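Residue numbers (the working numbering): 11 to 286.
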């Protein structure tokens with residue numbers, strides 16, 4: 011974006027981070043409250059799931075309600091043997107229950123998600139076709155989750171190659187990109203295993219080499235919070251809110267916006283909330 015000009019097209023890049031994705035919802039609560047609404051969204055891994063729901067019309071309140079009531083049991087199905095220990099079949103069933111069997115063309119906001127081709131190592135950007143299998147593919151951590159066949163490609167987690175897809179939002183025409191990075195290193199760096207795991211985290215976090223390309227990078231302080239546990243949802247929400255509030259002065263100035271006026275929406279309750 012050129013200096014002195016207001017952005018014409020706001021992009022949101024929603025990064026990967028497994029269970030830490032709840033922090034995205036805290037960020038989105040504040041952005042929605044301020045009336046900051048993206049024109050295009052790009053997502054990777056859990057960011058692809060969150061991004062898909064936003065683009066389908068879910069409010070931050072609805073996202074918060076969904077995350078409050080889900081855990082791995084509603085997302086994963088054990089699979090042995092296979093190319094992963096689990097599949098995301100239950101995630102697919104949940105998405106169908108929440109959204110129906112929709113395509114990218116049905117979304118209210120233009121959406122792109124990032125996955126990785128298992129066979130070639132290429133980054134694959136998906137912007138069309140059925141939504142659910144594409145999201146499942148973007149979330150499929152190699153070795154743990156079964157990769158997903160989408161068209162003629164076998165796809166896995168996009169976080170391997172572009173964990174916070176700022177570049178993808180740019181390619182969608184955004185001239186001001188807000189990135190949400192939730193991949194703060196978690197492991198103890200005072201022992202050999204911790205150092206090795208931290209190195210892997212850093213490699214994933216820098217995948218795509220685009221964090222410094224965001225016009226506004228919102229980075230919740232998540233050090234020490236697990237990627238796999240859903241036990242600290244309220245803390246994750248609050249960390250997301252705090253990071254977004256810190257970013258607000260710069261966002262308001264860049265976007266030429268005053269304090270937003272938040273109008274709560276009626277929360278839609280998916281059928282599974284009523285099941286015992």
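Just so it is clear, CB atoms sit at the ideal spot from N, CA and C, and this is done for glycine as well. Keep in mind it's a predicted model, so treat the numbers as computed, not measured.
Residue i (DSSP reduced to helix, strand or coil)
{"i": "residue 87", "result": "strand"}
{"i": "residue 52", "result": "strand"}
{"i": "residue 265", "result": "helix"}
{"i": "residue 21", "result": "strand"}
{"i": "residue 116", "result": "helix"}
{"i": "residue 222", "result": "helix"}
{"i": "residue 104", "result": "helix"}
{"i": "residue 260", "result": "helix"}
{"i": "residue 183", "result": "coil"}
{"i": "residue 74", "result": "helix"}
{"i": "residue 254", "result": "helix"}
Buried or exposed (CB count within 10 angstroms, at least 16 for buried), residue i
{"i": "residue 233", "result": "exposed"}
{"i": "residue 104", "result": "buried"}
{"i": "residue 180", "result": "buried"}
{"i": "residue 88", "result": "exposed"}
{"i": "residue 18", "result": "exposed"}
{"i": "residue 156", "result": "buried"}
{"i": "residue 162", "result": "exposed"}
{"i": "residue 90", "result": "exposed"}
{"i": "residue 106", "result": "exposed"}
{"i": "residue 243", "result": "buried"}
{"i": "residue 285", "result": "In this predicted model, residue 285 has a pLDDT of only 43, less than 50, meaning its place in the structure is not dependable enough to derive any value."}
{"i": "residue 94", "result": "buried"}
{"i": "residue 259", "result": "exposed"}
{"i": "residue 140", "result": "exposed"}
{"i": "residue 115", "result": "exposed"}
{"i": "residue 97", "result": "buried"}
{"i": "residue 83", "result": "exposed"}
{"i": "residue 47", "result": "exposed"}
{"i": "residue 113", "result": "exposed"}
{"i": "residue 222", "result": "exposed"}
{"i": "residue 291", "result": "The displayed coordinates of the chain run from 11 to 286. Any statement about residue 291 would go beyond what the structure contains."}
Paired residues, beta bridge with residue i - DSSP
{"i": "residue 155", "result": "96"}
{"i": "residue 124", "result": "54 and 135"}
{"i": "residue 188", "result": "22 and 226"}
{"i": "residue 175", "result": "Partner(s): none; residue 175 has no beta bridge."}
{"i": "residue 160", "result": "163"}
Beta strand (DSSP E) segment containing residue i, residue limits
{"i": "residue 228", "result": "226 to 228"}
{"i": "residue 136", "result": "133 to 136"}
{"i": "residue 81", "result": "Unbroken run through residue 81: none, as it is neither H nor E."}
Where the alpha helix (DSSP H) containing residue i begins and where it ends
{"i": "residue 164", "result": "Note, residue 164: premise wrong, no alpha helix (DSSP H); beta strand (DSSP E) at 163 to 167."}
{"i": "residue 130", "result": "That residue, residue 130, is in no alpha helix (DSSP H); it is neither H nor E in DSSP."}
{"i": "residue 36", "result": "32 to 43"}
{"i": "residue 146", "result": "141 to 149"}
**Prompt:** Taking three-plus beta-carbon pairs below 8 Å as touching, is the region 117 to 131 in contact with the region 50 to 58?
**Reply:** Yes, the region 117 to 131 is in contact with the region 50 to 58.
**Asked** Quick check: the region 68 to 81 against the region 32 to 42, are there 3 or more CB pairs under 8 Å?
**Response** yes
**Request:** Count the C-beta pairs between the region 244 to 254 and the region 220 to 232 that are closer than 8 Å, then say yes if the count reaches three, no if not.
**Result:** yes
**Request:** Determine, using beta-carbon pairs with one atom in the region 140 to 149 and one in the region 160 to 167, whether at least three such pairs fall under 8 Å.
**Result:** Contact holds: three or more Cβ-Cβ distances are below 8 Å.
**Contact between the region 21 to 32 and the region 181 to 192 (3+ Cβ pairs under 8 Å)** = yes
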